[in-house]
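Visitor: Please read through the structure below; I'll follow up with questions.
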Ligand code: 5GP
């Protein structure tokens, strides 16, 4: 395969914008893109597997890693820690592969400011790109959330409020892709990745 520039891709989208589907499609197509698995101190739910859905850590271990400054960003949500380790990102990029990080707007802002603080020749900075996925419109997003049939109306309203807040910050991202038609949005993502990684 042609040698390409390793990318550090940060992807954000409000819930219901098809982000997981788009990421799954990318991972199927690009064997050199690795999905970043977060660490958490919450207990596994249902079928969740350690090292696949999350790295499930004890609070003590997480706090130890915090002291070592091992996280590119972290957050405490309802008494549980969530965070992304720097180590695996550097390792993946050093191997010549790309890393994709799926994170909310607040987490992405922390990653962005960390990356800005790095020297210009750091692989994380050289390969950095952040992309925000927009829904076609707020009305369409509401219709999709209702159509999924998985959330209560109260949850949908919460997600809608959150989506508005996140969309207000979409301008912080280098690129925005609107997920109107899934395959059109996917093609735009692929074109972006191909251009930035020097695949074409
Ligand atoms: P859940 O417990 O439902 O899997 O996730 C709860 C929340 O934690 C979600 O909003 C999810 O986006 C967030 N989260 C998951 N991983 C990370 C991470 O690595 N960093 C940050 N800041 N938030 C995360």
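Residue numbers (the numbering used here): 1417 to 1616. Ideal Cβ placement from N, Cα and C applies to all residues, glycine included.
Tell me whether the beta-carbon of residue 1454 lies closer than 8 Å to the beta-carbon of residue 1503.
Guide: By 1-based counting over the chain shown, the position of residue 1454 is 38. By 1-based counting over the chain shown, the position of residue 1503 is 87. No, Cβ-Cβ distance for residue 1454 and residue 1503 is not below 8 Å.
Visitor: With DSSP run on the structure shown, which of helix, strand or coil describes residue 1565?
Guide: As a working mapping, residue 1565 is identified with position 149 in the chain shown. Looking at residue 1565 - three-state DSSP - the assignment turns out to be coil, as it is neither helix nor strand.
Visitor: Can you tell which of 1533, 1592, 1522, 1492 has its C-alpha closest to the C-alpha of residue 1478?
Guide: Counting from 1 along the chain shown, the entry for residue 1478 is found at position 62. Comparing Cα-Cα distances from residue 1478 to each of 1533, 1592, 1522, 1492, the minimum goes to 1492.
Visitor: Would you say residue 1491 touches the ligand 5GP, meaning its beta carbon is less than 7 Å from a heavy atom?
Guide: Here residue 1491 corresponds to residue number 75 of the chain shown, with the count starting at 1. Flag set: Cβ of residue 1491 near the ligand 5GP.
Visitor: Quick one: using the 10 Å Cβ neighbour count with 16 as the cut-off for buried, is residue 1616 buried or exposed?
Guide: Position 200 of the chain shown holds residue 1616. Exposed is the call here.
Visitor: Applying the 10 Å Cβ sphere with the 16-neighbour rule, what's the burial state of residue 1571?
Guide: Numbered from 1 along the chain shown, position 155 holds the residue referred to as residue 1571. So residue 1571 ends up on the exposed side.
Visitor: Based on the DSSP output, what are the partners of residue 1483 in its beta bridges?
Guide: As a position in the chain shown, residue 1483 is number 67, starting the count at 1. According to DSSP, residue 1483 bridges with nothing at all.
Visitor: Can you tell me whether DSSP reads residue 1578 as helix, strand or coil?
Guide: Counting from one through the chain shown, the residue named residue 1578 turns up at place 162. Of the three classes helix, strand and coil, the one that applies to residue 1578 here is helix, per DSSP.
Visitor: Check whether the segment 1423 to 1437 touches the segment 1454 to 1473, taking contact to mean three or more Cβ pairs, one atom from each stretch, closer than 8 Å.
Guide: no
Visitor: Determine which residues share a DSSP beta bridge with residue 1444 and list them.
Guide: The count along the chain shown starts at 1 and reaches residue 1444 at position 28. Residue 1444 is not bridged to any residue.
Visitor: Roughly how many whole angstroms lie between the Cα atoms of residue 1586 and residue 1473?
Guide: As a first step, residue 1586 is located in the chain shown; it is residue number 170 there, counting from the start. As a first step, residue 1473 is located in the chain shown; it is residue number 57 there, counting from the start. Using only the alpha carbons, I get a separation of about 32 Å.
Visitor: Using DSSP with H/G/I as helix, E/B as strand and the rest coil, what is residue 1512?
Guide: On the chain shown, position 96 is the one that residue 1512 refers to. In the structure shown, residue 1512 sits in coil (DSSP, three-state: anything other than H, G, I, E or B).
Visitor: Hey, would you say residue 1546 sits closer than 8 Å to residue 1589, going by beta carbons?
Guide: Locating residue 1546 in the chain shown gives position 130, where the first residue counts as 1. Locating residue 1589 in the chain shown gives position 173, where the first residue counts as 1. It is a contact, given that the beta carbons lie within the stated cut-off.
Visitor: Let me check understanding here. Comparing Cα to Cα, which of 1581, 1543, 1548 lies closest to residue 1611?
Guide: Start at 1 with the first residue of the chain shown, and residue 1611 comes out as number 195. It is 1543 whose Cα lies nearest to the Cα of residue 1611.
Visitor: According to DSSP, simplified to helix, strand and coil, what is residue 1499?
Guide: By 1-based counting over the chain shown, the position of residue 1499 is 83. Under the three-state reduction of DSSP, residue 1499 is assigned to strand.
Visitor: I'd like the list of long-range same chain contacts for residue 1527, defined as Cβ closer than 6 Å, with 5 residues on each side in sequence excluded.
Guide: To locate residue 1527, count along the chain shown from 1; it is residue 111. Here the set comprises 1426, 1488, 1489.
Visitor: According to the neighbour-count rule (16 or more other Cβ atoms, all chains shown, within 10 Å of its Cβ), is residue 1429 buried or exposed?
Guide: In the chain shown, the residue the question calls residue 1429 occupies position 13. Per the 10 Å Cβ criterion, buried.
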